[in-house]
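A.B. asks: In full-length UniProt numbering, the protein residues as written are 1 to 271. Backbone N, C-alpha and C define an ideal beta-carbon position, used for all residues, glycine too. Just so we're clear, the structure is a prediction, and the values are computed from it rather than from any experiment.
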Amino acid sequence: PPERLRYMLEDSAPVAVLVQAALQECLPVVNVPRVVLDSVDLSPGPGDLPCGNPDIDALGLTSRMPAYVMYTSGSSGRPKGVLIEHRSVLSLVINNPYALIATDDCVAHGANTAFDASTWEIWSALLNGAKLLVVSQATLLNAARLNHVLIEGGVTALWLTAGLFNEYVDVLAVAFSKLRYLLVGGDVLDPVNVAKVLSSAHRPRHLINGYGPTETTTFASTYEVHALSNNSRSIPIGRPIGNTRIYLLDAQGQPVPVGVSGEIHIGGAGV
């Protein structure tokens with residue numbers, strides 16, 4: 001919505017907005033310079049590109065510097081801009097045991113880039129030397145087409161919202177069988193559909209429930225589902241991923257005993 005765009009631009013105060021010519025009219029009028037990508041020659045000339053890596057010490061670069069700002073949905077009020085550091089992205093996708101993406105993997109990227117799942121999709125591939133298959137919105141909304149694209153593209157790692165997982169669980173069965181990692185999250189998982197995948201001959205190698213608010217850089221905890229009992233009513237959110245700590249605290253900020261309800265408090269490199 002235009003009012004959301006206006007708020008995010010005014011709140012983040014970017015030095016410029018990169019926009020395609022066809023989308024200029026969608027931008028609200030704000031005092032921010034625009035760079036129309038279609039009208040700019042982005043091809044480098046001879047000698048324009050550096051031959052080596054930048055000197056991070058001379059430039060004062062650290063892993064604690066901002067990588068990007070991602071806005072929450074604003075369901076409890078105005079959207080909140082979450083400043084994500086470089087170290088948070090690295091912690092999410094580099095050598096984190098819940099999903100070890102390798103050079104022979106292919107990760108599907110279908111999430112909207114305004115949604116934090118895109119962080120995992122894009123950087124788990126690019127920072128581990130894997131392939132990234134970009135899935136169009138039209139394909140994502142057509143289950144049969146999506147199944148074909150995932151198989152033809154050799155996708156081995158896929159993230160789905162709980163809603164899409166529930167909707168496509170039958171149609172994507174063959175594509176699921178080709179996956180090393182199927183991660184699902186964004187909402188409560190339906191044990192019935194999870195059990196359907198686990199009992200199928202087309203089950204992925206790893207089926208993972210991912211949990212985490214935007215402020216924790218996509219995932220704070222994961223749970224790999226190996227099997228479900230017949231009377232399972234919910235899927236656990238699991239344990240903290242690497243470099244993350246989770247505490248259950250009472251109203252006074254004290255740890256609660258085992259079996260007692262408390263509020264989740266999350267700390268670590270992803271926050």
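Name the DSSP beta bridge partners of residue 255, please?
C.D. replies: 249.
A.B. asks: Can you find the residues in the same chain that come closer than 6 Å, C-beta to C-beta, to residue 266, ignoring five residues on each side of it along the sequence?
C.D. replies: Once the five neighbours on either side are set aside, the close Cβ partners of residue 266 are 216, 220, 246.
A.B. asks: When the Cα atoms are used, what is the spatial distance from residue 113 to residue 119?
C.D. replies: About 8 Å.
A.B. asks: Apart from the five residues just before and just after residue 162, which ones in its own chain have a Cβ nearer than 8 Å to its Cβ?
C.D. replies: Result list for residue 162: 184, 185, 186, 187, 188, 189, 190, in chain order.
A.B. asks: For residue 209, is the classification buried or exposed, using 16 other Cβ atoms within 10 angstroms of its Cβ as the cut-off for buried?
C.D. replies: So residue 209 counts as buried.
A.B. asks: Alpha carbon to alpha carbon, how far is residue 107 from residue 178? Give it in angstroms, no decimals.
C.D. replies: Whole-angstrom Cα-Cα distance: 12 Å.
A.B. asks: Tell whether a beta-carbon distance below 9 Å holds between residue 150 and residue 117.
C.D. replies: Result no, Cβ atoms of residue 150 and residue 117 do not sit closer than 9 Å.
A.B. asks: With distance defined between alpha-carbon atoms, name the residue in 6, 5, 26, 31 nearest to residue 15.
C.D. replies: The residue with the shortest Cα to Cα distance from residue 15 is 31.
A.B. asks: In the stretch 29–67, which residue ranges form an unbroken alpha helix (DSSP H) of at least 4 residues, counting only runs that do not cross its ends?
C.D. replies: Fully enclosed alpha helix (DSSP H) runs of 4 or longer: 56–59.
A.B. asks: Along the chain, where does the alpha helix (DSSP H) containing residue 122 start, and where does it finish?
C.D. replies: Taken as a continuous stretch (DSSP letters only), the alpha helix (DSSP H) holding residue 122 covers 117–126.
A.B. asks: What distance in whole Å lies between the Cβ atoms of residue 159 and residue 102, which are believed to be in contact at a cut-off of 8 Å?
C.D. replies: Contact flag wrong, Cβ pair sits at about 17 Å.
A.B. asks: Below 8 Å, how does it come out for the stretch 125–133 and the stretch 71–85: are there three or more Cβ pairs, yes or no?
C.D. replies: Touching, no, given that fewer than three Cβ pairs across the two stretches are closer than 8 Å.
A.B. asks: Return helix, strand or coil for residue 209, following the three-state DSSP convention.
C.D. replies: Three-state result, residue 209: strand.
A.B. asks: Ends of the beta strand (DSSP E) at residue 134?
C.D. replies: Its beta strand (DSSP E) spans residues 131–134.
A.B. asks: Can you tell me whether residue 171 is helix, strand or coil according to DSSP?
C.D. replies: If DSSP states are grouped into helix, strand and coil, residue 171 belongs with coil.
A.B. asks: How is residue 151 classed by DSSP in three states: helix, strand or coil?
C.D. replies: DSSP places residue 151 in helix when its eight states are reduced to three.
A.B. asks: Checking 9 Å against the spacing of the C-beta atoms, do residue 285 and residue 270 come in under that value?
C.D. replies: Summary: the structure shown does not reach residue 285, with the chain confined to residues 1 through 271, and so no result is reported for it.
A.B. asks: Going by C-alpha to C-alpha distance, which of 203, 5, 11 sits closest to residue 23?
C.D. replies: Looking at the Cα atoms, 5 is the closest of the given residues.
A.B. asks: Which residue from 21, 28, 19 puts its Cα closest to that of residue 2?
C.D. replies: Comparing Cα-Cα distances from residue 2 to each of 21, 28, 19, the minimum goes to 28.
A.B. asks: Return the chain-ordered ranges of every beta strand (DSSP E) run that is complete within the stretch 189–246 and spans a minimum of 3 residues.
C.D. replies: Taking only runs of at least 3 residues, the beta strand (DSSP E) segments lying wholly in the stretch 189–246 are 206–211, 221–224.
A.B. asks: Note down the Cα distance separating residue 8 from residue 33, rounded to an integer number of angstroms.
C.D. replies: Cα to Cα, the separation comes out at about 15 Å.
A.B. asks: In chain order, what residues of the same chain have a beta carbon less than 6 Å from the beta carbon of residue 238, not counting five sequence neighbours either side?
C.D. replies: Once the five neighbours on either side are set aside, the close Cβ partners of residue 238 are 221, 222, 223.
A.B. asks: Kindly indicate the opening and closing residues of the alpha helix (DSSP H) around residue 89.
C.D. replies: Taken as a continuous stretch (DSSP letters only), the alpha helix (DSSP H) holding residue 89 covers 86–93.
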